[in-house]
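Worksheet: one structure, shown below.
In my numbering, the protein residues as written are 257 to 543.
In structure tokens:
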């Protein structure tokens, strides 16, 4: 099973200048194959700095990034191989589309892996199908696509490399609710099909409640919490103190509980609250 581990990561921007910024300080966590880890925190908490270390875009000032037990910087000349195994999707990746056709853009990564034409074609078709890019769109210019289609095409370009670890920085930013749900469902599908590790940086507590298995909470460059979604969101007061929130539907559940309805306070999705309310209406729960 794939595994990625961050051990005592430290990174400073502008070291030795008046603009020094201790972005990450002694961060440690581990993720295993098949897990979705949500990474949350206020702006400037160190989220993006952490994920840019996972595939070697940044090199630790101290500490280690271990992929399947091996420090990714042990063999400096092979860092490009790490980037095929740990795929990083930046925020607004559609702005990084550049090839003449959607197909060529999705194929860019697999070509650089040195794969043969048949395997590249198979991977392009797989990735396009997974993110709902219709076959007739593959020969179009990526600049002719809608905003949501561009986002999915850019993500397909990373998925086509079939990384063991898929890292996404705000993958649903700027999308409408339907677009967000589609992207998240396709990410979850990839995780299940490939038993991949998925790490998602997000400001949306609702999105994380839907898909994440665990949450890594960053605060001032340190790990504030790393636990299950249930346990993290149960610490609503502490989250509020560090500038974060809990899903709005959880607030509804808490308020109903305060008013005497026997509804659990640790519900994080509309469906879960709906089912609890229906149980109450059927007389199966105490009031």
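Think of the CB as a built atom: it goes at the ideal place given N, C-alpha and C, for glycine as much as any other residue.
Using CA atoms only, rank isn't needed, just tell me which of 444, 501 and 276 is closest to residue 386.
444
Under 8 Å, with one C-beta from each stretch per pair, do the region 470-481 and the region 293-301 reach the 3-pair mark?
yes
Helix, strand or coil for residue 421? Go by DSSP, reduced to three states.
strand
Any contact of the region 320-333 with the region 270-285, i.e. 3+ C-beta pairs under 8 Å?
no
Going by beta carbon distance, what residues of the same chain come within less than 8 Å of residue 499, once the five residues before and after it are set aside?
298
Quick check on this structure: which residue in 510, 537, 529 and 476 has the alpha carbon closest to the alpha carbon of residue 282?
476
Residue closest to residue 430, alpha-carbon to alpha-carbon, out of 344, 418 and 460:
460
Return the residue from the list 334, 261 and 333 that minimises the CA-CA distance to residue 307.
261
Residue interval of the beta strand (DSSP E) (run including residue 456)
453-457
Cut-off 6 Å between Cβ atoms - residues of its own chain near residue 414, not counting five sequence neighbours on either side
343 and 345
Through-space distance from residue 289 to residue 479, alpha-carbon basis:
21 Å
Spatial distance of residue 446 from residue 407 (CA atoms):
16 Å
Using the Cα positions of residue 518 and residue 526, report the straight-line distance between them to the nearest angstrom.
17 Å
Using a 10 Å radius around the Cβ and a threshold of 16 neighbouring Cβ atoms, would you call residue 276 buried or exposed?
exposed
Would you call the CB atoms of residue 553 and residue 395 closer than 8 Å?
No information on residue 553 is available, as it lies outside the stretch 257 to 543 that the chain covers here.
Considering residue 279, what are the terminal residues of the beta strand (DSSP E) in which it resides?
277-288
Compare the Cα-Cα distances from residue 321 to each of 425, 264, 435 and 398 and report the closest residue.
264
Assigned secondary structure, residue 375 (DSSP; H/G/I helix, E/B strand, else coil)
helix
C-beta contact flag for residue 421 and residue 495 at 8 Å:
no
Since residue 446 is in the alpha helix (DSSP H), which residue starts that stretch and which ends it?
433-450
Counting only beta-carbon separations shorter than 8 Å, does residue 275 have a partner in chain D?
The structure shown contains no chain D; it holds only a single protein chain.
Quick check on the DSSP output: what are the complete alpha helix (DSSP H) runs of length 4 or more inside the region 464-527, in order along the chain?
485-489, 492-497 and 504-514
Let me make sure I understand the geometry here. Which of 363, 314 and 428 has the alpha-carbon closest to that of residue 382?
363
Does the Cβ-Cβ distance between residue 318 and residue 266 come in under 8 Å?
yes
Compare the C-alpha of residue 384 against each of 486, 463 and 411 and name the closest.
411
The beta strand (DSSP E) spanning residue 318 covers which residue range?
318-323
Using DSSP with H/G/I as helix, E/B as strand and the rest coil, what is residue 333?
helix
Start and end of the beta strand (DSSP E) containing residue 264?
259-269
Does DSSP classify residue 327 as helix, strand or coil?
strand
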